[in-house]
Structure formats: structure tokens, C-alpha cells
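All letters in the sequence shown, in the order written, are residues 10 to 182 by the working numbering.
Think of the CB as a built atom: it goes at the ideal place given N, C-alpha and C, for glycine as much as any other residue.
Predicted model, so just to flag it, every value in this text is computed and none were measured.
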Amino acid sequence: MRKRPLMVAALAVLVLSGGLVACDEPRVDALHASCTTKDLRWKVTVLKKKARSTHREGRLSAVNTGARECVFRGFPDFLVRVGKGPEAGGVGHGRARAVSLPAGSGVVVDLRYRDAERGHPAPADCLVGNGSAEVTAPRDTQGTLVRAWDESGRRARLDVCDNVIRMEPPRKA
């Protein structure tokens with residue numbers, strides 16, 4: 010009879026310790042504040058276009074420049090527009106998990122959008138063409154204008170021929 014309570018106690022300790030070890034990052038990060046746009050250094054990189062592709066890949070990256078750890082919870086707001094005219098907005102695809110960002114660490118969001126055809130730099134049928142994008146951190150209200158660069162570090166243009174820019178879930182850089 011004495012063996013049963015000892016076995017139950019041992020099993021309870023094992024289950025509880027396993028639960029503590031298996032805590033998912035979003036649960037642990039509930040104690041940290043959400044990242045704000047002003048605490049992040051943003052960069053938009055337009056990647057080299059693949060041959061015979063109608064789409065272009067890009068990358069939105071942010072580095073925590075704040076003094077404290079913050080949590081990147083969800084998809085950022087990403088908007089490319091021509092003045093007060095047409096605009097193309099980022100739409101998140103997939104499930105965005107919270108990403109913990111200690112000071113100095115970064116997060117990356119992959120972008121994909123329909124681009125101009127090869128040999129036509131900015132056709133008239135494309136909705137938006139701009140060298141910068143407006144970016145806002147998740148759960149923040151103040152955005153910032155971010156210049157677009159190519160992989161070589163030169164200024165680039167975002168020629169978006171659709172009103173949607175597909176965003177993959179944020180991941181740690």
C-alpha cells in the first residue's frame with residue numbers, strides 16, 4: 010500500500026517538471042512589454058529577382074535598439090504607397106508566434122509580391138512604385154518610413170503590381 014502514494018508523488022513531480030521545461034516562448038514572454046516601432050531599427054531589403062518569376066522576394070528586418078528585452082507579437086503593418094494615391098498593404102500568412110527580442114537581437118519577416126515583368130522597370134499597370142515603405146510594429150500605432158535597399162546596399166524600388174504584399178510569420182534573425 011505504501012508504494013502507491015510514492016509512485017503517484019513521483020509521477021506528479023515528473024509531470025510538473027516536464028511542464029516547466031516545455032513552456033512555450035509566448036507563455037514566458039507574457040511578462041515582457043511589446044516591441045514599439047521607435048525601439049526597433051528597421052530595414053527593407055529587396056532581393057534579387059529569380060529568373061522567369063512574376064513575383065519578387067523581399068525581407069523586412071528589425072533590431073531591438075532599446076535597453077530592455079521586448080516581445081514582437083504578431084505581424085507588423087507594412088504599407089507601400091504613392092503619395093495619397095494607390096497603396097499595397099502587407100497581409101500575414103500563417104500563424105505568427107511571439108518572438109522574444111533581447112537588446113541587440115533581431116527579427117525577420119519575409120515578403121513576397123507581384124513585380125513588374127522583366128525588361129519593364131515600372132509598367133503603367135503596376136499599382137505602386139516607391140523607394141520606401143511605412144512600417145509599424147505589431148500592437149503599436151506610430152509608424153515610420155523605411156527606405157528600401159537591395160542586397161548590395163544600394164537604394165532600391167518596390168514596384169508592386171498588386172494591392173497585397175504577402176508576409177511570412179516573423180522569425181528570429
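query: The region 109-117 contacting the region 154-164, beta-carbon criterion three pairs below 8 Å; result: no
query: Sequence ranges, beta strand (DSSP E) only - wholly within the region 144-168, length at least 3; result: 153-159
query: Extent of the continuous beta strand (DSSP E) to which valine 117 belongs; result: 115-123
query: Threonine 46 classed as buried or exposed, judged by whether at least 16 other C-beta atoms fall within 10 angstroms; result: buried
query: Same chain only: Cβ atoms within 8 Å of alanine 182, ignoring 5 sequence neighbours per side; result: Ser70, Val72, Ser114, Gly115, Val116 and Val117
query: Cα-Cα separation, leucine 110 to phenylalanine 87; result: 20 Å
query: Among Ser43, Ala125 and Pro147, nearest to glutamate 78 - alpha-carbon criterion; result: Ser43
query: Distance, threonine 145 Cα to glycine 83 Cα; result: 11 Å
query: CA-to-CA distance, valine 137 to aspartate 168, given in whole angstroms; result: 6 Å
query: Nearest-angstrom Cβ-Cβ length linking proline 178 and proline 85, presumed shorter than 8 Å; result: No, proline 178 and proline 85 are not in contact; Cβ-Cβ is about 11 Å, not under 8 Å.
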